[in-house]
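Heads up: the sequence lines are chains P and W, in that order. Just so we're aligned: 158 in numbering that gives the first Met the number 0 is position 159 of the first sequence, and the numbers increase by one with no gaps anywhere. Just so we're aligned: 29 in numbering that gives the first Met the number 0 is position 30 of the second sequence, and the numbers increase by one with no gaps anywhere. Presented below is the structure to which this report refers.
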Amino acid sequence: MDVGTMLKTLQDPMGIPFYPVLFQILMVITFAVHIMFVNFTLGLSFFSAYGFVRGNGYWGGLSRSLSKATTPNASLAILFGIAPLLFVQVVYDPFWYASNMLSAAWALGFILILMLGYGLTYIFYLKWGPGRGAGFAAIGALSFVLFLFAGAIMHVLGYQLLQPEKWLQWYVEGNGVDASGTSLHAFQLPRFLHFMVPSFAMAGLFLMLYAWYFKDRPDRDREHLARVAGAGAGIAFFFTALQAIVGVWWLFSLPPEFRFFTNPFFLIAAVMGVSLLFYLYLGRKDPFRYAVRAGVWAFLTIFAMSFAREALRTKYVGRFGYSIFDYKVNLDLGSTALFLCTFIVGVFIVSYPVYVAYASGRTAGQYAASPAVHKWGSVCLALLLLWIAAVAGLGIVISVKNYL
Amino acid sequence: MRKPYVISSYMYSNQIIGHAIPAKGVKAERDRINEEGILRVSPFVPERLRTITDGNRLQAGRMIALIECSACHVLDNTGLRPLPQMVKKLNLTNTEIAGSVLTALHGFPYMPPFAGTETEKAALAAFLVSLNR
Chain P
0 MDVGTMLKTL
10 QDPMGIPFYP
20 VLFQILMVIT
30 FAVHIMFVNF
40 TLGLSFFSAY
50 GFVRGNGYWG
60 GLSRSLSKAT
70 TPNASLAILF
80 GIAPLLFVQV
90 VYDPFWYASN
100 MLSAAWALGF
110 ILILMLGYGL
120 TYIFYLKWGP
130 GRGAGFAAIG
140 ALSFVLFLFA
150 GAIMHVLGYQ
160 LLQPEKWLQW
170 YVEGNGVDAS
180 GTSLHAFQLP
190 RFLHFMVPSF
200 AMAGLFLMLY
210 AWYFKDRPDR
220 DREHLARVAG
230 AGAGIAFFFT
240 ALQAIVGVWW
250 LFSLPPEFRF
260 FTNPFFLIAA
270 VMGVSLLFYL
280 YLGRKDPFRY
290 AVRAGVWAFL
300 TIFAMSFARE
310 ALRTKYVGRF
320 GYSIFDYKVN
330 LDLGSTALFL
340 CTFIVGVFIV
350 SYPVYVAYAS
360 GRTAGQYAAS
370 PAVHKWGSVC
380 LALLLLWIAA
390 VAGLGIVISV
400 KNYL
Chain W
0 MRKPYVISSY
10 MYSNQIIGHA
20 IPAKGVKAER
30 DRINEEGILR
40 VSPFVPERLR
50 TITDGNRLQA
60 GRMIALIECS
70 ACHVLDNTGL
80 RPLPQMVKKL
90 NLTNTEIAGS
100 VLTALHGFPY
110 MPPFAGTETE
120 KAALAAFLVS
130 LNR
């Protein structure tokens with residue numbers, strides 16, 4: 000059986016409920032958000048452990064703040080990891096499932112490793128105290144290592160996926176097959192580093208945004224914040240420069256026949272990356288002023304890089320005649336409309352608690368919401384109830400209809 | 000009752016599509032598998048096991064068991080519903096009896112029918128009997 004036929008055989012014969020381009024765009028967008036929080040989590044867990052080792056002064060205080068900031072970033076990384084996972088399963092199902100089955104023990108182990116790392120970030124944050132010995136930093140460091148390990152497993156699963164021509168040889172063992180799923184088969188260091196090195200740059204950016212966020216609060220030490228912002232800008236610049244070098248290394252490690260350096264998606268992403276580096280260079284002089292703009296530009300760069308990643312994947316899978324745009328479509332407008340409504344309503348509803356958290360953190364003492372914000376909250380609550388009624392109602396109607 | 004399906008009245012627990020869904024343009028796989036053979040249509044089969052010979056019969060049988068049985072039965076002695084224990088419980092001592100149990104599977108309410116050619120059924124039967132030691 001040739002690889003192209005194998006991939007077709009593994010596709011879901013039911014088809015997909017809407018045109019593939021929708022799944023592709025949503026996959027790329029949600030992956031960009033996911034990897035940003037992954038980078039924040041890795042970077043912050045690293046610098047919170049590093050700060051603890053450095054002692055009680057400036058770095059110690061920062062370690063406390065960063066250990067606290069690691070936990071919500073880890074939960075957002077996990078939360079936003081689900082969406083691209085689901086989209087990749089929809090349009091790249093032959094690849095994703097085969098790769099997962101080949102390393103099933105690790106695909107499941109990933110969850111345990113992640114849970115352990117996530118749990119340790121809470122222990123590090125909640126038990127944090129100046130009286131603890133240097134050994135306490137090991138808890139923070141271990142959570143960083145576990146997150147890195149989890150990232151390595153995801154990298155392997157994502158990289159095995161791109162090489163369907165090797166699946167059978169990985170599976171066949173002597174006269175039989177290896178159905179244990181305990182092996183990891185493919186690892187590409189520059190690709191892995193290209194996902195991981197930005198973690199440190201993003202931690203630097205986080206420090207810049209942290210300083211910018213608290214700068215107008217009268218109860219915060221402006222001098223301390225200036226130092227944090229300066230350190231953040233330096234870290235962000237250095238690791239973005241390193242990322243550029245890793246990027247070149249990774250580019251040269253790609254199969255030359257792809258000619259990926261001529262790909263428009265890659266070129267846009269590369270230009271954005273270089274301009275981010277330039278921007279961060281300027282930002283070192285006035286990190287408060289550049290923080291938000293650099294943050295926005297960094298996210299747009301990650302977004303462009305995510306598109307480039309998908310463009311590269313189409314090259315890999317295109318070798319066997321696979322294209323998600325050939326996927327069988329069984330148009331289901333109802334479920335697609337429900338999904339998109341949920342998405343839009345969900346973003347709107349979440350905007351309220353996010354805004355309140357943002358505004359209250361910027362206020363010294365107790366935060367009092369304005370009448371407009373109160374109204375916004377009431378509208379969100381009403382929308383949430385309406386959405387629950389619509390979804391639950393629809394479910395009940397369909398279930399009853401199915402049995403009549 | 001859900002068994003023997005993973006998706007009711009459509010896909011068996013071993014992911015073989017048992018029944019067509021014309022509205023979605025999905026054909027049943029069973030007839031094709033019975034005609035061409037499970038070892039021919041499955042993607043993850045080593046090439047040398049695609050055709051059954053006297054030399055590879057037990058390995059081919061084991062491959063079929065992996066594809067069609069292992070969703071519910073482990074092939075080892077311990078774990079979830081181990082095949083060796085099932086074989087001993089049913090006292091499958093020769094391939095004819097094992098083959099007729101496989102033929103009778105379509106009458107079991109909670110197990111999918113065997114899918115494959117007669118040669119493949121014989122190979123699976125031989126593998127099952129080999130577990131009865």
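Quick reminder that beta carbons are idealized off the backbone N, C-alpha and C, glycines included.
- In this structure, A232/P sits near R283/P, with a CB-CB distance shorter than 7 Å.
- Contact annotation for L65/W against chain P: V176, A178 [CB-CB distance below 8 Å, chain order].
- Contact of P83/W with chain P is not assigned, every C-beta pair being separated by 7 Å or more.
- Nearest C-alpha to G36/W among A121/W, A125/W, L127/W: A121/W.
- Non-local beta-carbon contacts of A210/P in its own chain, meaning distances under 6 Å to residues more than five positions away in sequence, involve L224, V227, A228 in chain order.
- Taking one beta carbon from each stretch, the segment 63–81 of chain P and the segment 90–109 of chain P have fewer than 3 pairs nearer than 8 Å; the two do not touch.
- Between the alpha carbons of Y109/W and I6/W lies a distance of about 13 Å.
- P12/P and M10/W have their C-alpha atoms spaced approximately 11 Å apart.
- Under the DSSP definition of a beta bridge, M10/W partners with I6/W, I16/W.
- CA-CA distance, I301/P to R216/P, rounds to 31 Å.
- Contact note: I37/W does not reach chain P at a C-beta cutoff of 9 Å; the least C-beta distance is about 12 Å.
- By the rule that beta-carbons nearer than 7 Å mark a contact, Q14/W does not touch chain P.
- For P108/W, no CB of chain P lies under 7 Å from its own CB, so it is not counted at the interface with that chain.
- Listed along chain P are M0, M5, T8, L9, each with a C-beta nearer than 7 Å to that of P42/W.
- Those residues of the segment 43–54 of chain W placed with their C-beta closer than 9 Å to a C-beta in chain P are F43, V44, P45, E46, R47, L48, R49, ordered along the chain.
- DSSP, reduced to helix, strand and coil, places G272/P within a helical segment of the structure shown.
- If you draw a straight line from the Cα of I397/P to the Cα of G333/P, it is about 12 Å long.
- The Cβ neighbour count for A73/P, taken over all protein chains shown within 10 Å, is at least 16; the residue is labelled buried.
- A check of alpha carbon separations from V378/P across V344/P, G364/P, Y366/P identifies V344/P as the nearest.
- The distance from the Cβ of F238/P to that of A268/P is about 17 Å, inconsistent with a contact at the 8 Å cut-off.
- In this structure, the beta-carbon distance from Y321/P to W296/P does not fall below 7 Å.
- Around R61/W, the beta-carbon contacts reaching into chain P at under 8 Å are G175.
- Under a 10 Å Cβ-count criterion, T92/W is classified as exposed, with fewer than 16 other Cβ atoms of the shown protein chains found around its own Cβ.
- Judged by DSSP in its simplified three-state form, V171/P adopts strand.
- Nearest to A125/W by C-alpha distance, out of S8/W, V44/W, A59/W, G115/W, is A59/W.
- Against chain P, a Cβ distance below 7 Å from K23/W picks out M13, G14, N329.
- By a beta-carbon distance limit of 8 Å, L101/W does not contact L65/W. Their separation comes to about 15 Å.
- Counting along the chain, no alpha helix (DSSP H) covers N93/W, and no H or E run does either.
- Using a Cβ-Cβ cut-off of 7 Å, V171/P is close to P45 of chain W, given in chain order.
- DSSP, reduced to helix, strand and coil, places I15/P within a strand of the structure shown.
- In the three-state reduction of the DSSP assignment, V328/P falls in the strand class.
- Judged by DSSP in its simplified three-state form, V25/W adopts strand.
- Here the segment 38–56 of chain P lies against the segment 134–148 of chain P, with 3 or more beta-carbon pairs under 8 Å apart.
- C-alpha of L75/P to C-alpha of A185/P: approximately 28 Å in a straight line.
- With contacts defined as CB atoms closer than 7 Å, L130/W and L82/W qualify as a contacting pair.
- Distance from the CA atom of A70/W to the CA atom of Y4/W, rounded to whole angstroms, is 11 Å.
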